[in-house]
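Engineer:
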RNA sequence: AGAGAGAUGGCAGAGUGGUCGAUUGCGACGGUCUUGAAAACCGUUGACUGUUACAGGUCCGGGGGUUCGAAUCCCUCUCUCUCUGCCA
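Numbering (this note's numbering), first residue to last: 72 to 504.
Written out as structure tokens, the structure is:
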């Protein structure tokens, strides 16, 4: 969340940023927040003064009792009882004000970076670059949900949605045979690349508590989008970002340990409530999927260089997978709640004839760090760090694109699918056939 | 799941009603000594809030209560550990 002193001192900048996001009632919200905060500070001042007086009297009484002056002690007690009533009241008022400030503050999204274009929807995103050649497929090329039929063991589906339906429900596919092996290959390939780039691998828990959900901003914003185990009050992670970033919740990092570069593979779980539509067939949208995530903690002055580095890292993966892609700079209206700048990487899915988002790389600046209380020391004073993360990469749509883009007709007139060269050493086969 | 114990500063670990934000040790940082290092010695070393700056205030797992005064007493919640049971 944003820091109140910042908003107080930069009211116009704050408002301009919120407007770029099309945040409704920016003026009213900010002014209400500042008014509440002023009230809060006044109340605290009044309370502090009374507490200071009460503390002084308590000490006096202690001294009087020691000296054996009972009458003096009793006289001093009289004044404190009046103070007690008002400090209790003030304390309650203060707690209420703090809660109101907090409740309002968490509804305010992060401010966009200056390079973020104005805009309302995905149509207003800026295409930063396109790379690669859009493949031209043979006659009768199929989208992946048709293509997968028959490529599994004994003529079954490579990715079995029906079977997953039986085990769990829609959006929980079963990968079998080469389908499972290509998944494992991608995970290892992505992790190896991250290690080469200097990231440290972690295996975090894949269920998280409420404090962690709050720390990275999923709560209260995305409450209904996470699976929740009521018995133990734990959420299934929607992304490894949550547990890995929360490793640094309530931490003051030693300057020598910066930057922090972590990577981790985890399954991800998303309820995707209300987001199913025409375009979400097959692997395009799942309730459970696998992802390798990059998480970084950076000094403020380095965070945008780190973001560019992460973007290039993801692009190199896509290049090596031989997939045509484009990079988008998300507009104010399409950016996530906590982000200051987000690049989306989209891969061309040839048989579907559309771009699929496969990675999202973001700089959150101090927005998450403020919730996490993630800081380091600058000349003896604590200062918030910047957090960043990015998918490198999410598997399902990558697999969908590989299957679709690499399909070809064999000499016998059958469809086969070529495995990208970089993955062959990892999966141990060159063709789906 | 049953029984018991516990939660204090980066870590270890004192403190059971009155200058305790907290003894001490380790660690870290600065200094003396040294060619350099180690050792030894001296000093510094929590966070939040707040003020132009002082001051002031809050925090000993969370919340509530008793008291003029709570790390210390009471209630409650959460979590951790040990033993037993079950189990990859």
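C-beta: ideal position from N, C-alpha, C; glycine also.
Note that the structure is predicted; figures quoted are calculated from it, not measured.
Apply the 10 Å Cβ neighbour rule to residue 193 and answer buried if 16 or more other Cβ atoms are within range, or exposed otherwise.
Structural biologist: Label assigned to residue 193: exposed.
Engineer: Please determine, among 356, 415, 425, the residue with the shortest C-alpha to C-alpha distance to residue 197.
Structural biologist: Residue 197 has its Cα closest to that of 415, out of 356, 415, 425.
Engineer: Can you check the region 414 to 474 for any beta strand (DSSP E) of at least 3 residues that lies completely inside it and give the ranges in chain order?
Structural biologist: Entirely contained in the region 414 to 474, the beta strand (DSSP E) runs reaching 3 residues are, in chain order, 425 to 434, 446 to 449, 452 to 455, 457 to 465.
Engineer: Please state the DSSP three-state secondary structure of residue 261.
Structural biologist: In the structure shown, residue 261 sits in a helix (DSSP, three-state: H, G or I).
Engineer: Quick one: which unbroken beta strand (DSSP E) runs of 3-plus residues sit fully inside the region 315 to 391? Chain order, please.
Structural biologist: For the region 315 to 391, whole beta strand (DSSP E) runs of length 3 or above, ordered along the chain, are 331 to 340, 359 to 369.
Engineer: Which runs of the alpha helix (DSSP H), 4 residues or longer, sit entirely within the region 88 to 157?
Structural biologist: Whole alpha helix (DSSP H) segments, 4+ residues: 97 to 138.
Engineer: Excluding the 5 residues flanking residue 189 on each side, which residues of the same chain have their C-beta closer than 7 Å to its C-beta?
Structural biologist: 91, 402, 403, listed in sequence order.
Engineer: Is the Cβ-Cβ distance between residue 353 and residue 216 less than 8 Å?
Structural biologist: Taking 8 Å as the Cβ cut-off, residue 353 and residue 216 qualify as a contacting pair.
Engineer: Going straight from the alpha carbon of residue 480 to that of residue 501, what length do you get?
Structural biologist: Approximately 15 Å, taken between the alpha carbons.
Engineer: If you follow the alpha helix (DSSP H) that residue 215 is part of, which residue opens it and which one closes it?
Structural biologist: Run containing residue 215: 215 to 218, per the alpha helix (DSSP H) assignment.
Engineer: Do three or more CB pairs link the region 266 to 279 to the region 239 to 246 at distances below 8 Å?
Structural biologist: Contact between the region 266 to 279 and the region 239 to 246 is absent, because fewer than three Cβ pairs lie under 8 Å.
Engineer: Do you know how far the Cα of residue 381 is from the Cα of residue 417?
Structural biologist: Taking the straight line joining both Cα atoms gives about 15 Å.
Engineer: Output yes or no for whether 8 Å exceeds the beta carbon distance between residue 128 and residue 145.
Structural biologist: Taking 8 Å as the Cβ cut-off, residue 128 and residue 145 do not qualify as a contacting pair.
Engineer: Kindly indicate which residue of 344, 486, 345, 319 has the alpha-carbon position closest to the one of residue 330.
Structural biologist: Minimum Cα distance to residue 330 is reached at 319.
Engineer: What does the alpha-carbon distance come out to for the pair residue 171 and residue 371?
Structural biologist: Approximately 29 Å, taken between the alpha carbons.
Engineer: Could you compute how far the alpha carbon of residue 205 sits from the alpha carbon of residue 262?
Structural biologist: Looking at the two C-alpha atoms, the distance is approximately 27 Å.
Engineer: In angstroms with no decimal places, state the Cα-to-Cα distance between residue 253 and residue 498.
Structural biologist: Cα to Cα, residue 253 sits roughly 6 Å from residue 498.
Engineer: Following the continuous alpha helix (DSSP H) through residue 234, name the residue where it begins and the one where it ends.
Structural biologist: 232 to 238 is the span of the alpha helix (DSSP H), which, as asked, contains residue 234.
Engineer: Is residue 254 helix, strand or coil by DSSP?
Structural biologist: DSSP places residue 254 in helix when its eight states are reduced to three.
Engineer: Using alpha carbons as the reference points, say which of 428, 495, 74, 321 lies closest to residue 180.
Structural biologist: It is 74 whose Cα lies nearest to the Cα of residue 180.
Engineer: If you reduce the DSSP assignment to three classes, tell me which class residue 490 lands in.
Structural biologist: Residue 490 falls in the coil class under three-state DSSP.
Engineer: Can you tell me which of the three DSSP states residue 290 falls into?
Structural biologist: Coil at residue 290, not helix or strand.
Engineer: I need the DSSP call for residue 282, collapsed to helix, strand or coil.
Structural biologist: In the structure shown, residue 282 sits in a helix (DSSP, three-state: H, G or I).
Engineer: If we ignore side chains and look at the alpha-carbon of each, how far apart do residue 446 and residue 305 end up?
Structural biologist: So the alpha carbons of these two residues sit roughly 26 Å apart.
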